[in-house]
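Protein chains in written order, with my numbering: chain A, 1 to 93; chain B, 1 to 161; chain C, 1 to 123. Every residue gets a Cβ at the ideal spot worked out from N, C-alpha and C, and that includes glycine.
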């Protein structure tokens, strides 16, 4: 009984996180300006990282943890590169 | 002697802790992690950072507690704003003069202000010692100035300067 | 995909509450991206998911694995530390980029650059 309830709760949380990713994608596609799109990308990778952590809880495997960590690292690098691009028009000076 | 081998003890310790958390707790991992931490932390030598003054005492613990409480409080405040969208709310930029001079303390303050939902560090003027902050729910400029000076700056000066 | 780890009742309740609460807060933050009107207001919204949403979900994960493996599993703290240190950096950088662009286009509603005084692009 509790297992079923926990399973449903985790699935519901995954749906909520999916909706959060949807909001972020909307902001990414809609803009209106470049900084809004990058902000959407930032929120998108954050929600994706949390979604992977919930998959880890669901399956009981630590494999997803490492995937979440990689998303966090690459997302940070990507947003910083894009932010610098907005400021200077080039990434590496 | 130990200074020559391990020039940045805190960094070395943090790297070792990260290695153990990522791989698991066993004697072999501790030895390999310690070797890697000592070698990797030495690469910081080529960057020649200025040695920061850092006092991890009661002030640091108090600051961590205050920041923790403030983050929770402003989380609730921002959640309310998003959910209810109060019509008479206005957001805006404020300029504050700061007493902090050390770059480490300023970096810490910028992370604290930005990590707290509802306030965002935008710019720091190093000549006039003025910081520019954007606030989501701006009621009283003076209140913000007093809040940051009393709650954060005093403790940050104690820790870093 | 209905599946769950085999946890004792008390742990199942706490994990469920933490994960669901964290997901709800993250969704609220993402909804702020849609509901707030200007860019500088929207920058505040993802911080919600990056602070308490992230903390709640990672705490749930740490508790779940600690109970499953009957030893403390706290490597989630690495992600937590990393996210709390990097999100402010990205948001600050984005705000700087946005204000720089607004100043160089002389848009309204942006304070003048204190460093140059006349809105000149800084190099």
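Query raised in the report: Since residue 72(A) and residue 77(C) are thought to touch, with beta carbons under 8 Å apart, how far apart are those beta carbons, to the nearest angstrom?
Result: As a working note, residue 72(A) is residue 72 in the first chain. As a working note, residue 77(C) is residue 77 in the third chain. The pair is not a contact, with the Cβ atoms about 13 Å apart (cut-off 8 Å).
Query raised in the report: What did DSSP end up calling residue 118(B) once you bin it into helix, strand or coil?
Result: Your numbering for residue 118(B) matches position 118 in the second chain. Reduced to three states, the DSSP call for residue 118(B) is coil.
Query - Same chain only: Cβ atoms within 8 Å of residue 14(C), ignoring 5 sequence neighbours per side - result: To locate residue 14(C), count along the third chain from 1; it is residue 14. Only 60, 63 meet the Cβ criterion.
**Report entry** residue 40(B), DSSP secondary structure in three states
**Finding:** Walking along the second chain from the start, residue 40(B) turns up at place 40. In the three-state reduction of the DSSP assignment, residue 40(B) falls in the helix class.
Query - Counted within 10 angstroms of its Cβ, other Cβ atoms place residue 41(C) as buried (16 or more) or exposed - result: Looking up residue 41(C) in the third chain gives position 41. With 16 or more Cβ atoms within 10 Å of its Cβ, residue 41(C) is classed as buried.
Query - Cβ distance (whole Å) where residue 28(A) is taken to contact residue 41(A) below 8 Å - result: By 1-based counting over the first chain, the position of residue 28(A) is 28. By 1-based counting over the first chain, the position of residue 41(A) is 41. Indeed, because the Cβ distance is near 6 Å, the residues count as touching under 8 Å.
Requested in this report: Taking residue 43(C) as the query, report the chain B residues whose CB atoms sit under 7 Å from its CB, ordered along the chain.
Outcome: Mapped onto the third chain, residue 43(C) falls at position 43. Near residue 43(C) (Cβ distances below 7 Å), the residues of chain B are 120.
Query raised in the report: Cβ of residue 31(B) less than 8 Å from any chain C Cβ?
Result: Counting from one through the second chain, the residue named residue 31(B) turns up at place 31. Not an interface residue.
Query raised in the report: the stretch 16-42 of chain A: which residues have C-beta closer than 7 Å to a C-beta of chain C, in chain order?
Result: Those residues of the stretch 16-42 of chain A that come within reach of chain C (Cβ to Cβ, closer than 7 Å) are 16, 17, 19, 20, 23, 24, 26, 27, 33, 35, 36, 38, 39, 40, 42.
Report task. Please name the residue, chosen from 9(A), 26(A), 88(A), 85(A), that lies closest to residue 57(C) on a Cα-to-Cα basis. Result -> Taking the third chain and counting its residues from 1, one reaches residue 57(C) at position 57. When C-alpha distances from residue 57(C) are compared across 9(A), 26(A), 88(A), 85(A), the shortest belongs to 9(A).
Query raised in the report: Roughly how many angstroms separate the alpha carbons of residue 143(B) and residue 98(B), rounded to a whole number?
Result: Here the question's residue 143(B) lines up with position 143 in the second chain. Here the question's residue 98(B) lines up with position 98 in the second chain. Using only the alpha carbons, I get a separation of about 14 Å.
Query - Cβ neighbours of residue 24(A) in the same chain (closer than 7 Å, five flanking residues each side left out) - result: Locating residue 24(A) in the first chain gives position 24, counting from the first residue. Counting only Cβ-Cβ distances below 7 Å, and skipping sequence neighbours, we find 40, 43, 44, 47.
Report task. Could you check which residue in 35(A), 60(A), 17(A), 33(A) has the C-alpha nearest to that of residue 73(C)? Result -> To locate residue 73(C), count along the third chain from 1; it is residue 73. With distances taken between Cα atoms, residue 73(C) lies closest to 60(A).
Query raised in the report: Comparing the C-beta of residue 37(C) with each C-beta of chain A, is any distance below 8 Å?
Result: For the purposes of this step, residue 37(C) is taken as the residue at position 37 of the third chain. Contact with chain A is absent for residue 37(C), since none of that chain's Cβ atoms lies less than 8 Å from the residue's Cβ.
Requested in this report: Give the DSSP bridge partners of residue 135(B), in chain order.
Outcome: Taking the second chain and counting its residues from 1, one reaches residue 135(B) at position 135. Residue 135(B) is bridged to 92(B), 119(B).
Query - Between the CA atoms of residue 83(A) and residue 70(A) - distance to the nearest angstrom - result: On the first chain, residue 70(A) is found 70 positions in, with the first residue counted as 1. On the first chain, residue 83(A) is found 83 positions in, with the first residue counted as 1. Distance between the alpha carbons of residue 70(A) and residue 83(A) is about 20 Å.
Query raised in the report: Helix, strand or coil: which one does DSSP assign to residue 140(B)?
Result: One-based indexing of the second chain puts residue 140(B) at position 140. In this structure, residue 140(B) counts as coil in the three-state DSSP scheme.
Query raised in the report: So with Cβ pairs under 8 Å, would you call residue 46(C) a contact of chain A?
Result: Locating residue 46(C) in the third chain gives position 46, where the first residue counts as 1. At least one chain A Cβ lies under 8 Å of residue 46(C).
Query raised in the report: Does the stretch 82-98 of chain C touch the stretch 21-35 of chain B, meaning 3 or more C-beta pairs lie closer than 8 Å?
Result: The answer is no - the stretch 82-98 of chain C does not touch the stretch 21-35 of chain B, with fewer than three Cβ pairs under 8 Å.
Report task. Use the C-beta contact count for residue 87(C): other C-beta atoms within 10 angstroms, 16 or more gives buried, fewer gives exposed. Result -> As a position in the third chain, residue 87(C) is number 87, starting the count at 1. With 16 or more neighbouring CB atoms inside 10 Å of its own CB, residue 87(C) falls in the buried class.
Query raised in the report: Where does residue 121(C) fall in DSSP's three states?
Result: Mapped onto the third chain, residue 121(C) falls at position 121. Reliability of the predicted coordinates at residue 121(C) is poor, the pLDDT of 45 falling under 50, and no value is obtained from them.
**Report entry** Entirely enclosed alpha helix (DSSP H) segments - the stretch 35-110 of chain C, minimum 4 residues
**Finding:** Segments of the alpha helix (DSSP H) lying fully in the stretch 35-110 of chain C: 39-42, 54-68, 76-104.
Query - Beta-carbon proximity check, residue 85(C) vs residue 111(B), cutoff 8 Å - result: Here residue 85(C) refers to the residue found at position 85 when the third chain is read from its first residue. Here residue 111(B) refers to the residue found at position 111 when the second chain is read from its first residue. With respect to residue 111(B), residue 85(C) sits close: the two C-beta atoms are nearer than 8 Å.
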